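Residue numbers (our numbering): 9 to 84.
We put the CB at the ideal spot given by N, CA and C, even for glycine.
Computed from a prediction, not measured in an experiment: that's the story for all the values here.
Structure, as structure tokens:
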């Protein structure tokens, strides 16, 4: 756990409401946006991480909730 994890707070009620309203506007059935997003893709990250000096600075697994159709955390 990093020092930043200790600073995490729950989402406020207005944030939860705004996020729910934004999600309601999205159409996940239309795959055209996903196809356009893949155009020009050069490569993926084989290990799913980017490291600098053996320190992970980007971890794709942290975004697996997007791939699994799970709901995003209320703070997102």
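At what residues does the beta strand (DSSP E) containing residue i begin and finish?
i, result
"residue 67", "63–67"
What are the partner residues of residue i, as DSSP defines its beta bridges?
i, result
"residue 57", "67"
So the alpha helix (DSSP H) residue i belongs to, where does it begin and stop?
i, result
"residue 24", "21–32"
"residue 74", "72–75"
"residue 40", "40–46"
Just to confirm, are residue i and residue j a CB contact at a threshold of 7 Å?
i, j, result
"residue 57", "residue 41", "no"
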